[in-house]
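Since the structure comes first, as structure tokens, the remarks are kept for the end.
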Amino acid sequence: MIKLSPNTRFSHNIARGSIQQRKKLTEELNTKVFQRMLQLYEKKDSYGIDAIKNNYNSLLPERKKIQITALPKKEYTDYSGSVVVDENHDNVLSGYSIEIPANKKKKLSISDLSNFMHESTHILDYLLNPKYIANYKLMCEKNIYEKKYFDIYEKYFYNTEDMQNNSRDKMLKLAEEKTREALRRVPYSEKIIFLNYIKYSLEMEYHAFKQDVFYAKILKKLGKHVDNECLEDHNKFMAFPEKINLVNQLIREELDKIRTLNIKS
329 MIKLSPNTRF
339 SHNIARGSIQ
349 QRKKLTEELN
359 TKVFQRMLQL
369 YEKKDSYGID
379 AIKNNYNSLL
389 PERKKIQITA
399 LPKKEYTDYS
409 GSVVVDENHD
419 NVLSGYSIEI
429 PANKKKKLSI
439 SDLSNFMHES
449 THILDYLLNP
459 KYIANYKLMC
469 EKNIYEKKYF
479 DIYEKYFYNT
489 EDMQNNSRDK
499 MLKLAEEKTR
509 EALRRVPYSE
519 KIIFLNYIKY
529 SLEMEYHAFK
539 QDVFYAKILK
549 KLGKHVDNEC
559 LEDHNKFMAF
569 PEKINLVNQL
579 IREELDKIRT
589 LNIKS
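Right, here's the structure in full:
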């Protein structure tokens, strides 16, 4: 049994309201973080992990366990905001981690601040939406991350290179075909959990990319150098809403099958 630390979610009096209200709160908290960061960067062009971590945690409505790790920008092109397993108890989800692109001095430059806001969005969405971390917990309990069908998400829902080279219709058709094919091999007890994982991952990425672009544009207006990729509208080739609709349809179909089986039994 996997346990959830209180560090994985905000209290109910904070994490409440509709999906849109929680989304709005994520964006309001991101705005506070971004404004504080801009104040810091008025003094110098880059800051280390401790300064970023202290300022970030101080702006949250509740203090949570959030690690910040600097990864050399020249060696890494992909960063993440992810769930952390307790180092002493592998059955406890203990908090979150934010990876940041670091310069030679292991500091975050202002030009990479929108990337940090992208990962911050992931963490805040987890903290404000208990269903996200609850489904992550189920994925761990079922060991789904280690199963062969897990790569469906990376290959057909989040492979940005293939998506840029294929039409939206072709991409969506392929994702549907491969997912339906994979679901035939998935036990009923895991199907909805896995489909929800795809759905929630898409929802969080859609939100994070929008926030990334939003803050990248602000930085550019302020005359800061920003990587072109941060200014790119990823939804043009990622088709997030269409994919979410597809997964919702698959979830409805699987639930109908389960109801039918229950009636017959």
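Here my numbering is used: the first residue of the sequence shown is 329, the next is one more, and so on. All C-beta atoms in this analysis are idealised placements derived from N, C-alpha and C, irrespective of residue type, glycine included.
On a CA-only basis, which of Y473, F444, P389 and Y464 is nearest S422? Give me that one, please.
As a first step, residue 422 must be located in the sequence shown, where it is residue number 94. Taking only the C-alpha atoms, the option nearest S422 is Y464.
Since I believe F362 is in contact with Y534 (beta carbons under 8 Å), could you give me their beta-carbon distance rounded to a whole number of angstroms?
As a first step, residue 534 must be located in the sequence shown, where it is residue number 206. As a first step, residue 362 must be located in the sequence shown, where it is residue number 34. Incorrect: roughly 19 Å between the Cβ atoms, too far for contact.
DSSP three-state label for T507, please.
Your numbering for residue 507 matches position 179 in the sequence shown. Note: T507 maps to helix in three-state DSSP.
Give the list of continuous beta strand (DSSP E) stretches no shorter than 3 residues that lie fully inside the region 362–401.
394–400
Nearest by alpha-carbon distance to N524: which of K381, E570, I546 and N576 is it?
As a position in the sequence shown, residue 524 is number 196, starting the count at 1. Cα-wise, what sits closest to N524 is N576.
What would DSSP say about V575, mapped onto helix, strand or coil?
The residue given as residue 575 occupies position 247 in the sequence shown. Here V575 sits in helix by DSSP.
Per DSSP, what kind of secondary structure is Y404 in: helix, strand or coil?
Along the sequence shown, read from residue 1 onward, the residue named residue 404 stands at position 76. In this structure, Y404 counts as coil in the three-state DSSP scheme.
By the 10 Å Cβ neighbour count, where 16 or more other Cβ atoms means buried, how is H417 classified, buried or exposed?
Indexing the sequence shown from 1 puts residue 417 at position 89. H417 comes out exposed.
How should P429 be labelled, buried or exposed, when 16 other C-beta atoms within 10 angstroms of its C-beta is the threshold for buried?
Locating residue 429 in the sequence shown gives position 101, where the first residue counts as 1. Buried, because 16 or more other Cβ atoms sit within 10 Å of the Cβ of P429.
Rounded to whole angstroms, what is the Cα-Cα separation between H450 and D414?
Looking up residue 450 in the sequence shown gives position 122. Looking up residue 414 in the sequence shown gives position 86. Computed Cα separation, rounded: 19 Å.
Helix, strand or coil: which one does DSSP assign to Y424?
Here residue 424 refers to the residue found at position 96 when the sequence shown is read from its first residue. It is a strand residue.
I think Y424 touches V412, with their Cβ atoms under 8 Å apart; what is that distance to the nearest whole Å?
By one-based count along the sequence shown, residue 424 stands at place 96. By one-based count along the sequence shown, residue 412 stands at place 84. So it is a contact: roughly 6 Å between Cβ atoms.
Cβ separation of Y407 and E447, assumed to be a contact under 8 Å, to the nearest whole Å:
Within the sequence shown, the letter at position 79 stands for residue 407. Within the sequence shown, the letter at position 119 stands for residue 447. Yes, Y407 and E447 are in contact; Cβ-Cβ is about 6 Å, under 8 Å.
Evaluate R595 with the Cβ neighbour count: other Cβ atoms within 10 Å of its Cβ, from every protein chain shown; 16 or more gives buried, anything less gives exposed.
Residue 595 lies beyond the residue range present for the chain, which begins at 329 and ends at 593; the question has no answer from this structure.
Span of the alpha helix (DSSP H) around V541
On the sequence shown, position 213 is the one that residue 541 refers to. Taken as a continuous stretch (DSSP letters only), the alpha helix (DSSP H) holding V541 covers Y516 to K549.
Please classify N457 as buried or exposed, where buried requires at least 16 other C-beta atoms within 10 Å of its C-beta.
Counting from 1 along the sequence shown, the entry for residue 457 is found at position 129. It is buried - the Cβ of N457 has at least 16 other Cβ atoms within 10 Å.
Other residues of its chain near K381: CB distance less than 6 Å, five sequence neighbours each side excluded
For the purposes of this step, residue 381 is taken as the residue at position 53 of the sequence shown. Counting only Cβ-Cβ distances below 6 Å, and skipping sequence neighbours, we find I396.
Can you give me the start and stop residues for the alpha helix (DSSP H) that S442 sits inside?
For the purposes of this step, residue 442 is identified with residue 114 of the sequence shown, where counting begins at 1. Taken as a continuous stretch (DSSP letters only), the alpha helix (DSSP H) holding S442 covers L441 to L456.
Using the rule of at least 16 other Cβ atoms within 10 Å of the residue's Cβ for burial, across every protein chain shown, is Q539 buried or exposed?
As a position in the sequence shown, residue 539 is number 211, starting the count at 1. Under this definition Q539 is a buried residue.
S410, enclosing beta strand (DSSP E) - first and last residue:
Taking the first residue of the sequence shown as 1, we reach residue 410 at position 82. Segment G409 to V413, the beta strand (DSSP E) holding S410.
Among K519, L500 and A536, whose alpha-carbon lies nearest the alpha-carbon of I572?
Within the sequence shown, residue 572 is the residue found at index 244, counting from 1. Comparing Cα-Cα distances from I572 to each of K519, L500 and A536, the minimum goes to L500.
Could you check which residue in E504, S517, S437 and V541 has the C-alpha nearest to that of L578?
Position 250 of the sequence shown, counted from the start, is the residue given in the question as residue 578. Checking every option, the nearest Cα to that of L578 belongs to E504.
Between the C-alpha atoms of L366 and L452, what's the straight-line distance to the nearest angstrom?
Indexing the sequence shown from 1 puts residue 366 at position 38. Indexing the sequence shown from 1 puts residue 452 at position 124. For L366 and L452, the distance between alpha carbons rounds to 20 Å.
I need the DSSP call for A567, collapsed to helix, strand or coil.
On the sequence shown, position 239 is the one that residue 567 refers to. Of the three classes helix, strand and coil, the one that applies to A567 here is coil, per DSSP.
Taking the alpha-carbon positions, what's the I394 to S517 distance?
Reading the sequence shown from its first residue, position 66 is the one you call residue 394. Reading the sequence shown from its first residue, position 189 is the one you call residue 517. Rounded to the nearest angstrom, the two C-alpha atoms are 32 Å apart.
On the premise that V554 lies in contact with S437, defined as a C-beta separation below 8 Å, what is that separation, rounded to the nearest angstrom?
Residue numbering aside, residue 437 sits at position 109 when the sequence shown is read from its first letter. Residue numbering aside, residue 554 sits at position 226 when the sequence shown is read from its first letter. No, S437 and V554 are not in contact; Cβ-Cβ is about 11 Å, not under 8 Å.
For S437, write down the residues that DSSP places opposite it in a beta bridge.
Taking the sequence shown and counting its residues from 1, one reaches residue 437 at position 109. Partner(s): S374.
Could you pull out every residue in the same chain whose Cβ sits closer than 7 Å to the Cβ of I526, ignoring the five residues on either side in sequence?
Start at 1 with the first residue of the sequence shown, and residue 526 comes out as number 198. So the qualifying residues of the chain are Y481, F485 and V575.
Give the single residue among F444, Y454, Y375 and R337 whose Cα lies nearest to the Cα of Y528.
Here residue 528 corresponds to residue number 200 of the sequence shown, with the count starting at 1. Answer by Cα proximity: Y454.
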